[in-house]
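Novice: First, the structure itself, so that you have it in front of you.
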Amino acid sequence: MLSGLFNRGAKLGLRMLWPLMTTSDDSPLRHATHEFVALAAKLEQGGGPSGAERQHRHGRLTARERMERLFDPGTPTLECGLLSAWNMYREYGGAPAAGVVTTIGQVDGRLCMVVANDATVKAGAFFPMTCKKIIRAQWIAERARLPLLYLVDSAGVFLPLQEDVFPDTDDFGRIFRNNAVISAQGIPQYAAIMGNCVAGGGYLPVMCDTLLMTEGSGLYLAGPALVKAAIGQEVSSEELGGASMHAAVSGTIDFKEKDDPTCIERLRRLMQANQSAPAARTPPIAPTAPERDPSDVYAVHRSDAGSQYDVVDLLRCVVDGGSIDEYRAEYGCSIVCAYARIGGFPCGIVANQRKLTQRTMPGGKAGPSKAGAMPAVIYDDSADKAARFILDCNQRKIPLVFIHDTTGFMVGRDSEQAGIIRSGAKLVNAMSNSVVPKIVLITGASYGAGNYAMCGRAFDPMLTLAWPGGRCAVMGAAQAAGTLLQIDLAARERKGEQVDDAMRKELLDAITASYTEQQDIRYAASRGWVDRIIEPHRTRDELIMALRIAAQAPVGELKVGVLQT
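In our numbering, the protein residues as written are 3 to 567.
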């Protein structure tokens with residue numbers, strides 16, 4: 003089955019070699035990657051072998067088997083949201099990957115977003131995160147003008163959680179609204195019903211441009227049991243909503259197919275005949291190998307508190323050799339800005355510097371002075387530099403790649419007097435109004451306003467990637483736990499409670515454990531704030547795929563409004 007960036011053979015081959023690659027280095031990043039690879043393999047199984055066997059008994063393929071037949075053989079794919087709903091809905095037995103697979107891949111040479119219900123997970127029912135995941139897939143497809151292919155096999159809304167699935171702007175109904183809007187924009191949408199399609203979920207395929215349906219599938223607003231209970235009518239599933247009925251009587255579907263394989267073959271032919279979808283982009287410049295081996299990222303990166311590394315060394319493992327032109331390299335050094343190419347695709351890179359640097363401060367008669375700049379911290383001069391760099395990339399119409407490893411903006415008297423808030427606002431303005439595609443990679447910390455300034459999820463990144471072991475929160479666990487403990491202790495003191503050292507330690511440990519869980523990048527991915535966790539040594543290939551997708555996105559006119567100066 004296809005999953006992730008590479009086809010099945012390549013991916014499994016690399017996983018089998020993994021122990022050989024890690025014997026000499028047991029770094030925290032490698033350990034976190036080990037854990038992620040094992041977790042990903044488990045999540046890819048969806049409802050497990052018993053669910054797959056059930057699909058096969060009904061003569062149906064699983065969601066991933068359908069995708070494997072649909073995508074062009076041997077071409078890379080990019081799955082979004084594998085960790086959606088991770089560790090959520092445990093009282094209902096969980097919902098691996100939120101019961102739906104959303105993957106960008108090539109169909110007849112065109113990049114498409116494929117959304118496939120996983121019927122091995124609660125019969126493909128819609129949980130709250132299922133809706134959010136599909137809406138996110140639609141947003142990416144709309145931004146990059148990717149054709150949308152829906153492989154439908156769902157029992158509809160998961161009723162125990164209907165209040166969190168049904169009504170809001172990021173819930174079930176928004177999917178159908180998006181179907182209509184995307185169609186109006188001329189972006190092709192195909193739906194293939196290969197199983198159940200019940201109740202409100204029936205609107206999704208019917209609102210697509212082209213609708214296919216396999217024999218033995220069902221499409222109806224109410225199933226036979228509900229019809230009998232509601233109006234006393236006894237009717238078979240085929241009469242009510244079978245493929246033959248919809249093909250010959252209601253006229254709802256466009257193509258009736260015998261089974262999954264023939265349906266997928268037809269879908270590929272229909273994509274071949276559609277000339278409104280562009281061919282997948284090729285790099286405008288011949289790619290060159292990076293200066294360093296991509297696996298050297300494990301040797302370069304440091305995640306321990308207080309440790310340092312040079313982010314430029316990290317870039318040399320990722321970008322095309324000889325392509326880095328660092329912008330204002332001697333100014334605002336706590337952020338590295340550089341024009342570069344990745345796989346032949348030009349881009350602008352904005353990356354947090356994780357080593358101690360020096361700032362040159364203006365001086366009087368004595369001349370300029372030097373001051374240290376802390377690692378991973380954004381200073382006023384670096385914010386100013388990054389803002390101008392972002393605007394220049396928009397002028398050049400090249401996508402932006404933001405690489406996060408930041409604890410946030412510098413605080414204190416000197417920083418405030420230098421105008422850190424003004425400079426930060428300028429950076430946020432330039433980044434928010436940027437019209438070129440924005441891609442995010444979280445390699446370490448992504449805290450507080452630093453997350454915002456580096457194009458966090460609230461600022462419409464086209465794709466957000468992250469390394470295992472990354473952290474995303476308002477602040478680090480140690481600082482947050484200390485603050486929350488003081489609040490808790492003050493509340494207890496007002497109630498007259500006495501807190502001894504043992505209880506203080508117990509409270510601190512409990513708060514720290516809770517906050518540490520919430521800052522884990524897997525927690526962010528489970529809530530849909532990160533699209534994809536990646537293996538660090540594959541970062542170059544992942545970004546090449548992301549830039550191929552970005553190359554299809556239209557670029558509008560840049561307007562920034564009132565800009566702080």
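Here a beta-carbon is modelled for each residue, glycine too, at the ideal position from N, C-alpha and C.
By how many angstroms is the C-alpha of ALA548 removed from the C-alpha of VAL320?
Specialist: Here the question's residue 320 lines up with position 318 in the sequence shown. Here the question's residue 548 lines up with position 546 in the sequence shown. Taking the straight line from one Cα to the other gives about 13 Å.
Novice: Residues in its own chain within less than 6 Å of HIS60 by CB, not counting five upstream and five downstream?
Specialist: Locating residue 60 in the sequence shown gives position 58, counting from the first residue. If we look at HIS60 and ignore the five residues flanking it on each side, it has no Cβ neighbours.
Novice: What do you get for HIS58, buried or exposed, if any count of 16 or more other CB atoms within 10 angstroms of its CB means buried?
Specialist: For the purposes of this step, residue 58 is taken as the residue at position 56 of the sequence shown. Counting Cβ neighbours within 10 Å, HIS58 comes out exposed, since fewer than 16 surround it.
Novice: Are three or more beta carbon pairs between the stretch 292-305 and the stretch 313-331 nearer than 8 Å?
Specialist: Yes, the stretch 292-305 touches the stretch 313-331.
Novice: For CYS349, which beta-bridge partners are listed by DSSP?
Specialist: Mapped onto the sequence shown, residue 349 falls at position 347. CYS349 is bridged to ALA342.
Novice: If contact is defined by three or more beta carbon pairs under 8 Å, each pair taking one atom from either stretch, is the stretch 282-294 in contact with the stretch 84-101?
Specialist: Segments in contact, no.
Novice: Can ASP120 and GLY107 be called in contact, C-beta distance under 8 Å?
Specialist: Numbered from its first residue, the sequence shown carries residue 120 at position 118. Numbered from its first residue, the sequence shown carries residue 107 at position 105. Cβ distance not < 8 Å, so ASP120 and GLY107 don't count as in contact.
Novice: Give the straight-line distance between the Cα atoms of GLY253 and TYR454, rounded to the nearest whole angstrom.
Specialist: Locating residue 253 in the sequence shown gives position 251, where the first residue counts as 1. Locating residue 454 in the sequence shown gives position 452, where the first residue counts as 1. Roughly 49 Å separates the two Cα atoms.
Novice: How do the stretch 530-543 and the stretch 79-93 stand: do at least 3 beta-carbon pairs fall below 8 Å, yes or no?
Specialist: Yes, the stretch 530-543 touches the stretch 79-93.
Novice: DSSP three-state label for GLY558, please.
Specialist: For this step, residue 558 is matched to residue 556 along the sequence shown. The answer is coil: DSSP assigns GLY558 none of H, G, I, E or B.
Novice: What residue from LEU150, CYS133, ILE551 has the CA that sits closest to ARG176's CA?
Specialist: Residue 176 sits at position 174 when you count from the first residue of the sequence shown. When each option's Cα is compared against that of ARG176, the closest is CYS133.
Novice: Check for me: the beta strand (DSSP E) holding ASN198 runs from which residue to which?
Specialist: Counting from 1 along the sequence shown, the entry for residue 198 is found at position 196. Note, ASN198: beta strand (DSSP E), 191-200.
Novice: Let me know the secondary structure DSSP gives HIS406 once reduced to three states.
Specialist: The residue given as residue 406 occupies position 404 in the sequence shown. Three-state DSSP puts HIS406 in a strand.
Novice: Whose C-beta lies closer than 6 Å to the C-beta of ARG330 among residues of the same chain, with five residues either side of it excluded?
Specialist: By 1-based counting over the sequence shown, the position of residue 330 is 328. Here the set comprises LYS387.
Novice: Where does GLU55 fall in DSSP's three states?
Specialist: Taking the first residue of the sequence shown as position 1, residue 55 is located at position 53. Reduced to three states, the DSSP call for GLU55 is helix.
Novice: For a test of the three-state rule: what should DSSP assign to ALA282, helix, strand or coil?
Specialist: Here residue 282 refers to the residue found at position 280 when the sequence shown is read from its first residue. DSSP places ALA282 in coil when its eight states are reduced to three.
Novice: Nearest-angstrom Cα distance between GLY244 and ARG459?
Specialist: Taking the first residue of the sequence shown as 1, we reach residue 244 at position 242. Taking the first residue of the sequence shown as 1, we reach residue 459 at position 457. Straight-line Cα distance between these residues: approximately 42 Å.
Novice: Which residue from THR77, CYS210, LEU214, GLY158 puts its Cα closest to that of GLY202?
Specialist: For this step, residue 202 is matched to residue 200 along the sequence shown. Checking every option, the nearest Cα to that of GLY202 belongs to GLY158.
Novice: Under a three-way DSSP split, which group does THR518 fall into?
Specialist: By one-based count along the sequence shown, residue 518 stands at place 516. Reduced to three states, the DSSP call for THR518 is helix.
Novice: Along the chain, where does the beta strand (DSSP E) that runs through CYS114 open and close?
Specialist: By 1-based counting over the sequence shown, the position of residue 114 is 112. Taken as a continuous stretch (DSSP letters only), the beta strand (DSSP E) holding CYS114 covers 112-119.
Novice: Roughly how far, in whole angstroms, is the beta-carbon of PRO149 from the beta-carbon of CYS114, given that I think they are within contact range, below 8 Å?
Specialist: Counted from its first residue, the sequence shown places residue 149 at position 147. Counted from its first residue, the sequence shown places residue 114 at position 112. About 5 Å separates the two Cβ atoms, so the contact holds.
Novice: Measuring alpha carbon to alpha carbon, tell me which residue in ARG112, ARG66, GLU37, ALA139 is nearest GLY50.
Specialist: Here residue 50 is taken as the residue at index 48 of the sequence shown, counted from 1. Nearest option by C-alpha distance: ARG66.
Novice: Less than 8 Å between the C-beta atoms of TYR152 and PRO98, yes or no?
Specialist: Position 150 of the sequence shown, counted from the first residue, corresponds to residue 152. Position 96 of the sequence shown, counted from the first residue, corresponds to residue 98. Not in contact: TYR152 and PRO98 (Cβ atoms no closer than 8 Å).
Novice: Using the rule of at least 16 other Cβ atoms within 10 Å of the residue's Cβ for burial, across every protein chain shown, is PRO556 buried or exposed?
Specialist: Working through the sequence shown from its first residue, we reach residue 556 at position 554. Classification for PRO556: exposed.
Novice: Take TYR517 as the anchor and find which of MET505, VAL501, VAL476 has the nearest alpha-carbon.
Specialist: Counting from 1 along the sequence shown, the entry for residue 517 is found at position 515. Taking only the C-alpha atoms, the option nearest TYR517 is VAL476.
Novice: Is the CB-CB distance between SER448 and CYS474 below 8 Å?
Specialist: Working through the sequence shown from its first residue, we reach residue 448 at position 446. Working through the sequence shown from its first residue, we reach residue 474 at position 472. Going by C-beta atoms, SER448 is nearer than 8 Å to CYS474.
Novice: Quick check on the DSSP output: the beta strand (DSSP E) that includes ALA475 runs from which residue to which?
Specialist: For the purposes of this step, residue 475 is taken as the residue at position 473 of the sequence shown. Segment 473-475, the beta strand (DSSP E) holding ALA475.
Novice: Across which residues does DSSP place ASN354 in a beta bridge pair?
Specialist: On the sequence shown, position 352 is the one that residue 354 refers to. Answer is ILE337.
Novice: Looking only at its own chain, which residues have a Cβ that is under 8 Å from the Cβ of GLU217, when we skip the five neighbours before and after it?
Specialist: As a working mapping, residue 217 is identified with position 215 in the sequence shown. For GLU217, where only same-chain residues beyond five positions count, the Cβ hits under 8 Å are GLY244, ALA245, SER246, LYS258, GLU259, LYS260, ASP261.
Novice: Could you work out which residue in VAL413, PHE461, ARG361 is closest to CYS335 when comparing CA atoms only?
Specialist: Position 333 of the sequence shown holds residue 335. The residue with the shortest Cα to Cα distance from CYS335 is ARG361.
Novice: Starting from the C-beta of TRP469, find all residues in its chain whose C-beta is less than 6 Å away, skip the five residues before and the five after it, and write them out in chain order.
Specialist: By 1-based counting over the sequence shown, the position of residue 469 is 467. Here the set comprises THR445, PRO538.
Novice: Which of helix, strand or coil does DSSP assign to ARG459?
Specialist: Counted from its first residue, the sequence shown places residue 459 at position 457. In this structure, ARG459 counts as helix in the three-state DSSP scheme.
Novice: Could you please give the first and the last residue of the uninterrupted alpha helix (DSSP H) stretch that includes CYS265?
Specialist: Here residue 265 refers to the residue found at position 263 of the sequence shown. Run containing CYS265: 262-275, per the alpha helix (DSSP H) assignment.
Novice: Answer with buried or exposed for LEU228, where buried requires no fewer than 16 other C-beta atoms within 10 angstroms of its C-beta.
Specialist: Position 226 of the sequence shown, counting from 1, holds the residue named residue 228. The residue in question, LEU228, is exposed, as its Cβ has fewer than 16 Cβ neighbours within 10 Å.
Novice: Check the C-beta distance from ALA340 over to ASP327 and give it rounded, since I have them as a contact under 8 Å.
Specialist: Taking the first residue of the sequence shown as 1, we reach residue 340 at position 338. Taking the first residue of the sequence shown as 1, we reach residue 327 at position 325. 6 Å between Cβ atoms; contact.
Novice: In terms of residue numbering, what span does the beta strand (DSSP E) encompassing ASP155 cover?
Specialist: As a working mapping, residue 155 is identified with position 153 in the sequence shown. Unbroken beta strand (DSSP E) run through ASP155: 150-156.
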